[in-house]
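Structure first, commentary second.
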Amino acid sequence: MTSNSSNKIGHVAIIMDGNSRWARQRNLKTIQGHKQGVNRLRDIVKYSAKSEITHLSVFAFSTENWKRSASDVSDLMKLFLQSIIKEVPELIENKVQLNFIGDIPRFSKSLVSQINSAMKDTQTKKPNLNLNVAISYGGRWDILNAIKRIKDHKINTDKLSEDDFSNLLSTSDFPDPDLLIRTGDEIRISNFFLWQISYSELYFSKLLWPDFKLSNFKSALNKFSTRDRRFGKE
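If you read the sequence shown in the working numbering, its first letter stands for residue 58, the second for the next number, and so on.
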């Protein structure tokens, strides 16, 4: 699906980068940086649920993150489980529907069970916000999976349109992002939403994610409102 040509912002995607560096700078354990990152996300979710934003997608754990040390991955899995359990009641209160995308079966059975429960518990007919969490996700993984679905469903590629292909991606139920924010003073996409951000506006912040406050998020939205979105037109 594609975004409209106006500067009304419906879908914001965020690459939340810098948790580990934030912790190292303070001589803290890496997991402390991730915990602070969860706190920062909570503030932005609350604000987004009360704004015109309908979708907020966050890159929480990439396919490449599995290459980290076993202890770091284990700590992150525990934090995912704890955060889901802790945050769901408030998400329900704020009518935030939680969605997970990625290679979910790769996680432990207990985490997969909690993920499925959280998505079921937060389902609502008219959510104030769809919070889409990408875990064990990669843009290349998503595209390859879509190609496999073409083969599995014996789709005629001669008649395959861009919209048809978009509907084969894990984000088929979401509009394409209007704005992609990346923190951590890195100017790259890092294998996130490779198909979906073809016409997204990009915003890069030097701040590490735990330092990216709500005021910084609002500044990114304000910057987006000044962009001239032509979508290839003159």
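Where is the CB? At the ideal position from N, CA and C, for every residue including glycine.
Starting from residue i, trace the alpha helix (DSSP H) in both directions and tell me its first and last residue.
i, result
"residue 273", "271-282"
"residue 71", "Taken as a continuous stretch (DSSP letters only), residue 71 belongs to no alpha helix (DSSP H), being part of the beta strand (DSSP E) at 68-72."
"residue 244", "Premise fails: residue 244 is in no alpha helix (DSSP H) and is neither H nor E."
"residue 201", "196-209"
"residue 119", "Residue 119 -> not in any alpha helix (DSSP H); beta strand (DSSP E) instead, spanning 112-119."
"residue 108", "Neither: residue 108 is in no alpha helix (DSSP H) and is coded neither H nor E."
"residue 76", "76-82"
If you draw a straight line from the C-alpha of residue i to the C-alpha of residue j, how long is it?
i, j, result
"residue 133", "residue 248", "20 Å"
"residue 252", "residue 237", "13 Å"
"residue 151", "residue 254", "28 Å"
"residue 224", "residue 201", "13 Å"
"residue 277", "residue 212", "40 Å"
"residue 89", "residue 81", "10 Å"
"residue 280", "residue 273", "11 Å"
"residue 192", "residue 113", "14 Å"
"residue 69", "residue 195", "17 Å"
"residue 83", "residue 128", "20 Å"
"residue 178", "residue 206", "29 Å"
"residue 137", "residue 162", "15 Å"
"residue 241", "residue 183", "34 Å"
"residue 67", "residue 288", "16 Å"
"residue 100", "residue 144", "12 Å"
"residue 266", "residue 243", "11 Å"
"residue 250", "residue 235", "12 Å"
"residue 229", "residue 169", "21 Å"
"residue 286", "residue 142", "39 Å"
"residue 259", "residue 215", "33 Å"
"residue 232", "residue 77", "31 Å"
"residue 160", "residue 110", "26 Å"
"residue 139", "residue 106", "22 Å"
"residue 188", "residue 210", "29 Å"
"residue 117", "residue 264", "17 Å"
Mind checking residue i: buried by the 16 CB within 10 Å criterion, or exposed?
i, result
"residue 72", "buried"
"residue 204", "exposed"
"residue 79", "buried"
"residue 121", "exposed"
"residue 147", "exposed"
"residue 156", "buried"
"residue 226", "buried"
"residue 174", "exposed"
With DSSP collapsed to three states, give me the class of residue i.
i, result
"residue 239", "strand"
"residue 91", "helix"
"residue 164", "coil"
"residue 139", "helix"
"residue 258", "strand"
"residue 158", "strand"
"residue 287", "coil"
"residue 22", "For the chain, the structure presents residues 58 to 291; residue 22 sits outside this window and is missing."
"residue 146", "helix"
"residue 223", "helix"
"residue 174", "helix"
Taking only heavy atoms of the ligand ADP into account, decide whether any of them is closer than 6 Å to the Cβ of residue i.
i, result
"residue 166", "This structure does not include the ligand ADP; it has no bound ligands of any sort."
For residue i, decide whether its Cβ has a neighbour in chain D, counting only Cβ atoms nearer than 7 Å.
i, result
"residue 70", "Of the protein chains in this structure there is only one, and it is not chain D."
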